[in-house]
Amino acid sequence: MATNEQFLQRVKEGYTFKGETLKIGRALLNGQVVEGADVLLPLRTMNRHGLIA
Numbered sequence: 143m144a145t146n147e148q149f150l151q152r153v154k155e156g157y158t159f160k161g162e163t164l165k166i167g168r169a170l171l172n173g174q175v176v177e178g179a180d181v182l183l184p185l186r187t188m189n190r191h192g193l194i195a
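Using the working numbering, read the sequence shown as starting at 143 and increasing by one per residue.
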């Protein structure tokens, strides 16, 4: 299983985008919230109704 540091690095790599983003939560590892593992959604992928295009 991944260590917290490895997991945090992978989450940051996978959820870092250019432009504006919306924070939708934090990632879990073994049922625990990992501080700093923010899950971001790029605003450019959403339409005016908030649906993912």
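Ideal Cβ positions, reconstructed from N, Cα and C, are used throughout, including at glycine. All of these numbers come straight from a predicted model, not from anything done at the bench.
In this structure, V176 sits near F149, with a CB-CB distance shorter than 9 Å. DSSP places G156 outside any beta strand (DSSP E); the residue lies instead in the alpha helix (DSSP H), whose first and last residues are 146 to 156. Scanning N172, E147, D180, R190 for the CA closest to the CA of I166 turns up D180. Rounded to whole angstroms, the Cβ separation of L183 and L164 is 5 Å, and the two are in contact under 8 Å. Bridge pairing for T163: P184 [DSSP].
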